[in-house]
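There are 2 protein chains.
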Amino acid sequence: MASFPLAPGAAIGIIGGGQLGRMLSLAAAELGFDTVILEPERGCPAGRVAARTIAAPYDDPEALAKLAKACAVVSYEFENVPAAAVDRLAALGCEVAPGARALAVAQDRLEEKTFLNAHGAPTVAFAAASTADEAVQAVAEVGAPALMKTRREGYDGKGQRWVEHAADAAAAFQALGGVPVIVEAACPFVRELSVIAARGRDGATAVYPLAENHHEGGILRRSIAPAGVAKATADQAERIAARVLGGLDYVGVVGIELFELADGALLVNEFAPRVHNTGHWTQDGCEVSQFEQHIRAIAGWPLGPTHAIVRVEMLNLLGEEVHGWARLAAEPESRVHLYGKREAKAGRKMGHVNRMRPL
Amino acid sequence: MASFPLAPGAAIGIIGGGQLGRMLSLAAAELGFDTVILEPERGCPAGRVAARTIAAPYDDPEALAKLAKACAVVSYEFENVPAAAVDRLAALGCEVAPGARALAVAQDRLEEKTFLNAHGAPTVAFAAASTADEAVQAVAEVGAPALMKTRREGYDGKGQRWVEHAADAAAAFQALGGVPVIVEAACPFVRELSVIAARGRDGATAVYPLAENHHEGGILRRSIAPAGVAKATADQAERIAARVLGGLDYVGVVGIELFELADGALLVNEFAPRVHNTGHWTQDGCEVSQFEQHIRAIAGWPLGPTHAIVRVEMLNLLGEEVHGWARLAAEPESRVHLYGKREAKAGRKMGHVNRMRPL
């Protein structure tokens, strides 16, 4: 078993080899750690900056055994890590952070909202459905229009659809594949915000200033942070973060998506048990980025400061937009972060740029 | 031949796999580049964050051919790269930056000082010697006490010794191995400063604020930047940097070590054609670090901003000092940078810490 705090030189495992794994690896290296990436895709973004890549499916038992043997702690860059993989690592005596409970809650939208409400983190009204009839009932219960989402999987707007009238609920349920769903009341939000927070192995927490987020077609386009918010709103975000982190006995960084209502009150949309796209601004806006913070937390190091040193407008570079790198590189106020992905598919997150603004 | 500016996804070669290569690799990755390290030592610090390592001697012809084939441009992390290696890369049509002339001048202390004076960058008085008799003559010429240094090799205070009296010159010459030396007049400096500067492929230059440096036993212990200096001193440093960069038709980052005299005037001690230990403060003190700046320059990207956003005290962690990581990690004002070296030998640079101070 690993002994915490982890000494530099230890290896940290990361399941998933995309941009989040890449930026985690870079942050880990600054602290003297090696990283080992588990990812089926060869030449993945994270693997090209890691000490080692194990090229295998996420649930491959032999690969997981190698990962457990090589690493003092294992983390992940996406919340849909197969539960069996985490169980396997645990059975091998390998520390996984954030833990299995955080992952299980985050993987099921019904469990997630139930957990949030139980811990005093308010959400929209919701109801679950496993059949078409239940789906009709659920929409009637929360009121149309409502948002129907598969309980599991789905990201960037995938696996969900709006139901304008209760009568359309059965068709929507079938269109989503006839799998268990959650139906959420429409939220009259005025703004989408998010809060990135961390909890260390000692239970200490650290919360970054709120980000204001703008999506297009279900994909994050732009974040501005620190967002201009009333003190009461910022305080509520801190309370929500503390409840989520404490309620899950969490270790690591969490990204919590929020709806701001007209009166400044917040509802939780969802949380991701990992570093988060709306926290990329911290790379240039804070002394310790969300990536270093996550590594600090899972390694049992003390958390770093989270105050903003500058205001940042973070812009995702999607698909072909990455070909604008030369123009962006010439902007003195812009810091360019590119992920080394080979193919600029439509909507694919290829990089981001942090534009500095006065605080 | 490579076409500049290099597009993200290109590979950048780095000769040398130590901490400077490591930090260059991390910076290159943020801009979407892969790095390929040439280094005989397996498991070297840079190799653990690079896309590929070629484990071979620096002058191995086959290894150099592989490097040239894989990379759009090759740079290096130390100035004692064998000239034959650079010639071989050039013969293969591989772009090397900084170029062969910068390297040749920097490798020979006599050529270096001759170049500096010829380009209006003042140094202490000096004289060359290739025999014991010439050494005596040289010390007589510049006046004792004088500092005798081998013309080639030597770093961190190695390969040099003080000559208190002209009569000791022959013995000092023999003690240094009987190789060609340069004898330098003692410099009545009040402070050691350095300036980190860069020149792009378009000839544009960018100069960071001066750092004040403190050595112990010939090894850098501490830098404070921006150093408090008179405007005339800062202006002279900028002029010196411009002359060095322009005179060598330089591409990349250079580190120039300076002596400040009582009246604020500067003499050049030496320059290193690479990122420099006294520039590590830029990682946390500037928007674009010296490492990113070097990658930008050699990739033909526009240079980034060089102004300080905070004052930094950079402290090298030598040998066993690295074992103080837990205490340093707990200091909110300290950013820890560790190199992943396995063995904490005495005097070995294991990492550094940047402590934030108000500007």
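Protein sequences appear in the order of chains A and B.
Residue numbering for the first sequence follows our numbering, beginning at 1 and increasing consecutively.
Residue numbering for the second sequence follows our numbering, beginning at 360 and increasing consecutively.
Where a beta carbon is used, it is the ideal one built from N, C-alpha and C, also for glycine.
On a predicted model such as this, the values are computed, not experimentally measured, just so you know.
Nearest neighbour of Gly-21/A by Cα position, chosen from His-323/A, Ile-295/A, Val-124/A and Gly-120/A, turns out to be Ile-295/A.
Closest in alpha carbon position to Ala-366/B, among Glu-62/A, Tyr-339/A, Ala-2/A and Val-229/A, is Tyr-339/A.
With a threshold of 9 Å between beta carbons, Ser-75/A makes no contact with chain B.
Annotation for Phe-618/B: the continuous beta strand (DSSP E) segment containing it runs 611-619.
One finds Glu-30, Glu-287, Val-288, Glu-292 and Gly-304 in chain A with Cβ atoms closer than 9 Å to the Cβ of Arg-694/B, taken in chain order.
The beta-carbon of Ile-541/B is placed no less than 9 Å from the nearest beta-carbon of chain A. The residues His-639, Met-673, Leu-674, Asn-675, Leu-676 and His-696, in chain order, have a CB closer than 7 Å to that of His-711/B in the same chain once the five nearest residues on each side in sequence are set aside. Beta-bridge partners of Ser-693/B (DSSP): Arg-714/B. Taking 9 Å as the threshold, the shortest C-beta distance from Asp-561/B to chain A does not fall below it. Counting the other CB atoms within 10 Å of its CB gives Trp-325/A a total of 16 or more, which places it among the buried residues. Around the CB of Gly-18/A, 16 or more other CB atoms lie within 10 Å, so the residue is classed as buried. Counting along the chain, Arg-707/B sits inside no alpha helix (DSSP H), nor does DSSP assign it H or E at all. Closer than 9 Å to the CB of Ala-125/A there is not a single CB belonging to chain B. The Cβ of Tyr-567/B sits no closer than 9 Å to any Cβ of chain A. Ranked by Cα distance from Arg-191/A, the first of Glu-134/A, Glu-320/A, Leu-261/A and Glu-292/A is Leu-261/A.
Rounded to the nearest angstrom, the Cβ distance from Ala-28/A to Ile-37/A is 11 Å, too far for a contact under 8 Å. Closest in alpha carbon position to Phe-4/A, among Pro-82/A, Ala-121/A and Val-251/A, is Val-251/A.
Nearest CB-CB separation between Leu-38/A and chain B: not below the 9 Å threshold. Taking C-beta separations shorter than 7 Å and ignoring five residues to either side along the sequence, the partners of Glu-679/B in its chain run Ala-703, following chain order. Judged by DSSP secondary structure, Val-181/A falls outside any alpha helix (DSSP H) and instead within the beta strand (DSSP E) spanning 181-185. Residue Lys-708/B holds the alpha-carbon nearest to the alpha-carbon of Ile-578/B among Ile-413/B, Lys-708/B and Met-382/B. Under the Cβ distance rule, Val-275/A does not count among the residues neighbouring chain B, no pair being separated by less than 9 Å. Beta bridge pairing from DSSP links Phe-126/A with Glu-184/A. Between the region 46-65 of chain A and the region 272-292 of chain A there are fewer than three inter-stretch CB-CB distances shorter than 8 Å, so the stretches are not counted as touching. Bounds of the beta strand (DSSP E) holding Asn-628/B are 625-631. The Cβ of Ala-241/A sits no closer than 9 Å to any Cβ of chain B. Taking a C-beta distance under 9 Å as the contact criterion, Ile-615/B and Ala-596/B qualify as a contact pair. If you draw a 10 Å sphere on the C-beta of Pro-691/B, you find fewer than 16 other C-beta atoms in it, and that means exposed. In terms of Cβ geometry, Gln-107/A and Ala-135/A do not form a close pair [threshold 9 Å]. In summary, the residues of the region 662-691 of chain B whose CB is separated from some CB of chain A by less than 8 Å are Gly-663, Pro-664, Ile-668, Val-669, Val-681, Trp-684, Ala-685, Ala-688, Ala-689 and Pro-691, in the order they occur in the chain. Gly-93/A places its beta carbon 9 Å or farther from that of Asp-249/A.
Under the three-state reduction of DSSP, Asn-439/B is assigned to coil, being neither helix nor strand.
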